[in-house]
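Trainee: Sequential numbering of the sequence shown, starting at 4, is according to the working numbering.
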Amino acid sequence: MPDAKTAASTQQFLAIDRIKDGVIILKTGGFRMVLIASSVNFELKASEEQDLLISSYQGFLNSLDFPIQFVVQSRKINIKPYLEILKEKEKEQTSELLKIQINEYREFIQSLVETQNVMSKRFYVVIPYAPAEIKKTGFLEQLSAGLKPKTQRVDEISSALGRLGIRTIPLKTEELIEFFYGLYNPGEAEKKGEELIKQLGNANQ
């Protein structure tokens, strides 16, 4: 993690003033809330389903009376720790058949990684609140009082995307901090990914 001096100097270049109760407070006075969204495998759907999905999505966009932003975060996955776990499991097996199966699976994964990058993708929806809108709705007063602000826009977006088969969850303060830290420190985010893979592998032992 960066030291306090580095963090302070970096913050000077960010538009974010602070994050409180899952709300991003900008230096300009505006607010932002972020939803993480599930994906839909469009290619696997029948042509009729694809047409319906496109039509529904178009209707969703046309129904909005405020702007939103879609963010796609792509990262290369380092699966070396996972391959090491498989190698250890192969050594531990007493059954020759299981050893062969694990070995073949490990070699398949290895060849897959060598021929193409394995990427993870996360999808986010950013919902804005302009200073004038914040004053009108009393959003800031609710937040300052420690109350959960009324999030009509969040509910509206979640409901509309839900009808498209897309699940959404608002990011909490800690998750927002990790999200932005990962954007500006991709190397550290990759290390965290490696640690997670190791934890998942150990949990299955």
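Think of the CB as a built atom: it goes at the ideal place given N, C-alpha and C, for glycine as much as any other residue.
(1) Enumerate in chain order the residues of its own chain whose CB-to-CB distance from ILE169 is below 8 Å, with the five nearest sequence positions on each side excluded.
(2) Quick check: does the Cβ of LEU64 come within less than 7 Å of any heavy atom belonging to the ligand MN?
(3) Leaving out five residues before and five after GLN96 in sequence, what residues of the same chain have Cβ atoms less than 7 Å from its Cβ?
(4) What is the rounded straight-line gap between the Cα of TYR184 and the Cα of LEU174?
(5) In terms of alpha-carbon separation, which member of LEU38, LYS30 and GLU110 lies closest to LEU176?
(6) DSSP three-state call for LYS23: helix, strand or coil?
(7) Determine the burial state of VAL26: buried for a count of at least 16 other Cβ atoms within 10 Å of its Cβ, exposed for fewer.
(8) For MET122, I'd like the list of residues in its chain whose CB is within less than 8 Å of its CB, leaving aside the five on either flank, ordered along the chain.
(9) Please state if the CB of ILE180 and the CB of THR171 are separated by a distance shorter than 8 Å.
(10) Looking only at its chain, what residues have a beta carbon closer than 8 Å to the beta carbon of PRO131, apart from the 5 residues adjacent to it on each side?
(11) Going by beta carbon distance, what residues of the same chain come within less than 6 Å of SER59, once the five residues before and after it are set aside?
(12) First and last residue of the beta strand (DSSP E) that includes VAL75?
(13) For GLU91 and ASP20, what's the separation of their Cα atoms in angstroms?
(14) Do VAL75 and LYS124 come within 8 Å of each other at the CB atom, strictly closer than that value?
(15) Are there 16 or more other CB atoms within 10 angstroms of the CB of PHE111, so buried, or fewer, so exposed?
(16) Please classify THR31 as buried or exposed, where buried requires at least 16 other C-beta atoms within 10 Å of its C-beta.
(17) How big is the Cα-Cα spacing for GLN186 and LEU17?
(18) Can you tell me the Cα-Cα spacing of LEU100 and ALA49, whole angstroms?
(19) How far does the beta strand (DSSP E) with ALA40 in it reach, from first residue to last?
Mentor: Let me spell this out:
(1) ALA40, SER41, SER42 and VAL43
(2) The ligand MN is not part of the structure shown, which contains no ligands of any sort.
(3) LYS102 and ILE105
(4) 14 Å
(5) In the sequence as displayed, the identity of residue 176 is Thr instead of Leu. Of the listed residues, the one whose Cα sits closest to THR176 is LEU38.
(6) strand
(7) buried
(8) SER77, ARG78, LYS79 and ILE80
(9) no
(10) GLY33, PHE34, ARG35, PHE69, PRO70, ILE71 and GLN72
(11) LEU167
(12) 72 to 79
(13) 47 Å
(14) yes
(15) exposed
(16) exposed
(17) Reading off the sequence shown, one finds Leu at residue 186, where the question assumed Gln. Answer to the nearest angstrom: the Cα atoms are 12 Å apart.
(18) 39 Å
(19) 34 to 40
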